[in-house]
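Q: Before I ask anything, let me first share the structure, which is written out below as structure tokens.
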Amino acid sequence: MLLYADCANIETLKKMDELGVLSGITTNPAILARESAPPAATIANICRAFPGYPVFAQANAMDCGGMVEMAVAYAAISPRVVVKIPACVEGFRAFHKIRAEKLFDNEICITTVTTAAQALLASAAGADYVAPYVGDIGQIGYSGMDTLDAIVAVVAGTHTKVLAAATERAQDMTAAAALGVDIATITPDAAFAALEKPYPITEWYLKLFTEAAKG
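Residue numbers (my numbering): 37 to 251.
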């Protein structure tokens with residue numbers, strides 16, 4: 037399973053990249069709003085700073101036309117930009133229009149997925165990725181991992197990859213990997229926490245081995 041960072045801050049992304057675990061970068065309008073530059077400029081800056089990685093950018097609008105317009109603009113930044121489109125009726129209309137009219141060739145991710153049925157429809161429509169919001173599924177009273185398991189099953193054998201979004205706890209990250217998820221998105225803070233939280237025990241071992249080596 038690959039790990040993508042939920043982050044748009046270049047300096048923070050560089051720190052995570054130094055761990056050797058980063059394989060891609062995902063953003064959404066809320067993440068982009070934390071940066072000082074306009075959203076499109078931030079995406080362009082990330083693409084320049086991390087030339088080897090896919091960068092996800094969300095076409096966020098209330099209607100098909102607005103989504104298509106934003107999607108085309110993001111796709112024009114770089115062929116490595118993966119355009120995210122919400123899993124709603126207007127989003128599916130926008131996705132179909134983009135593909136039917138061949139407006140761009142960038143990969144497309146159907147995002148804000150909360151049910152296996154949405155994922156199945158997205159895969160049937162030809163989505164390159166589906167992004168279930170694992171944490172949010174739990175917030176509305178359902179099991180994020182059970183839903184994730186069902187999504188992995190319904191898209192099995194298709195070209196659609198499962199991107200488990202917002203897996204901020206270490207146990208969610210490992211559980212997603214065990215289910216056969218292709219990609220999990222985590223914040224850089226979560227990546228560092230997975231290493232730093234157990235550190236007192238790790239440090240004890242380091243000191244033990246250091247002292248043993250001296251002897």
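We treat Cβ as the ideally placed atom computed from N, Cα and C, and that holds for glycine. Just so it is clear, the structure is predicted and the values come from calculations on it, not from any experiment.
Can you tell me whether Asp182 is buried or exposed? The criterion is at least 16 other CB atoms within 10 Å of its CB, across all chains shown.
A: Counting from 1 along the sequence shown, the entry for residue 182 is found at position 146. Exposed: under 16 other Cβ atoms inside 10 Å.
Q: Tell me the rounded alpha-carbon separation between Thr203 and Val119.
A: By 1-based counting over the sequence shown, the position of residue 203 is 167. By 1-based counting over the sequence shown, the position of residue 119 is 83. Those two C-alpha atoms are separated by around 20 Å.
Q: Whose CA, out of Pro224, Ala211 and Val91, lies closest to the CA of Ser114?
A: Reading the sequence shown from its first residue, position 78 is the one you call residue 114. Measuring from the Cα of Ser114, the nearest candidate turns out to be Val91.
Q: Look up Ile82 in the DSSP assignment and say whether it is helix, strand or coil.
A: On the sequence shown, residue 82 is found 46 positions in, with the first residue counted as 1. Ile82: helix per DSSP, three-state reduction.
Q: In the DSSP assignment, the beta strand (DSSP E) including Cys145 goes from what residue to what residue?
A: The sequence position of residue 145 within the sequence shown is 109, counting from 1. Segment Ile144 to Val149, the beta strand (DSSP E) holding Cys145.
Q: Would a check of beta-carbon distances place Ile237 closer than 9 Å to chain B?
A: The structure shown has no chain B; it contains just one protein chain.
Q: Could you please give the first and the last residue of the uninterrupted alpha helix (DSSP H) stretch that includes Lys133?
A: By one-based count along the sequence shown, residue 133 stands at place 97. Unbroken alpha helix (DSSP H) run through Lys133: Val125 to Ala136.
Q: Mapping DSSP to helix, strand and coil, what is Asp185?
A: Numbered from its first residue, the sequence shown carries residue 185 at position 149. Note: Asp185 maps to helix in three-state DSSP.
Q: If you run the structure through DSSP and keep just helix, strand and coil, what is Ser159?
A: As a first step, residue 159 is located in the sequence shown; it is residue number 123 there, counting from the start. Three-state DSSP puts Ser159 in a helix.
Q: Suppose the cutoff is 7 Å on Cβ atoms and the five residues either side in sequence are ignored; what does the same chain contact list for Ala112 look like?
A: On the sequence shown, position 76 is the one that residue 112 refers to. Excluding positions up to five away in sequence, the list is empty.
Q: Starting from Leu39 and walking both ways along the beta strand (DSSP E), at which residues does that stretch end?
A: Taking the sequence shown and counting its residues from 1, the one referred to as residue 39 is at position 3. Start and end: Leu38 to Asp42.
Q: Just grab the DSSP bridge partners of Gly60 for me.
A: The residue you call residue 60 lines up with position 24 of the sequence shown. Bridge partners of Gly60: Tyr40.
Q: Output the distance between the C-alpha atoms of Phe228 and Met52, rounded to the nearest integer angstrom.
A: Taking the sequence shown and counting its residues from 1, the one referred to as residue 228 is at position 192. Taking the sequence shown and counting its residues from 1, the one referred to as residue 52 is at position 16. Taking the straight line joining both Cα atoms gives about 8 Å.
Q: With DSSP run on the structure shown, which of helix, strand or coil describes Lys243?
A: Sequence index remark: in the sequence shown, residue 243 carries index 207 (1-based). Correct three-state label for Lys243: helix.
Q: Do Val149 and Ala123 have their C-beta atoms within less than 9 Å of each other?
A: Taking the first residue of the sequence shown as 1, we reach residue 149 at position 113. Taking the first residue of the sequence shown as 1, we reach residue 123 at position 87. Result yes, Cβ atoms of Val149 and Ala123 sit closer than 9 Å.
Q: For Met98, which residues from the same chain have a beta carbon less than 8 Å from its beta carbon, with the 5 sequence-adjacent residues on both sides left out?
A: Counted from its first residue, the sequence shown places residue 98 at position 62. Excluding residues within five positions, the ones whose Cβ falls inside 8 Å are Glu126.
Q: How big is the Cα-Cα spacing for Ala206 and Ala161?
A: Taking the first residue of the sequence shown as position 1, residue 206 is located at position 170. Taking the first residue of the sequence shown as position 1, residue 161 is located at position 125. The straight-line gap from Cα to Cα measures roughly 32 Å.
Q: Just to check my reading of the structure: Val188 and Leu156 have Cβ atoms closer than 8 Å, yes? What is that Cβ distance to the nearest angstrom?
A: In the sequence shown, counting from the first residue as 1, residue 188 sits at position 152. In the sequence shown, counting from the first residue as 1, residue 156 sits at position 120. Actually they are not in contact, since the Cβ atoms of Val188 and Leu156 sit about 12 Å apart, beyond 8 Å.
Q: Mapping DSSP to helix, strand and coil, what is Val191?
A: Against the sequence shown, residue 191 aligns to sequence position 155. Three-state result, Val191: coil.
Q: What is the DSSP secondary structure of Lys197, counted as helix, strand or coil?
A: As a first step, residue 197 must be located in the sequence shown, where it is residue number 161. Residue state, collapsed to three classes: strand.
Q: Hey, how far is the Cα of Tyr89 from the Cα of Glu143?
A: The residue given as residue 89 occupies position 53 in the sequence shown. The residue given as residue 143 occupies position 107 in the sequence shown. One C-alpha to the other measures close to 13 Å.
Q: Restricting to Cα atoms, I'd like to know which of Ala85, Asp42, Arg116 and Glu47 is closest to Leu68.
A: Working through the sequence shown from its first residue, we reach residue 68 at position 32. Among Ala85, Asp42, Arg116 and Glu47, the Cα nearest to that of Leu68 belongs to Asp42.
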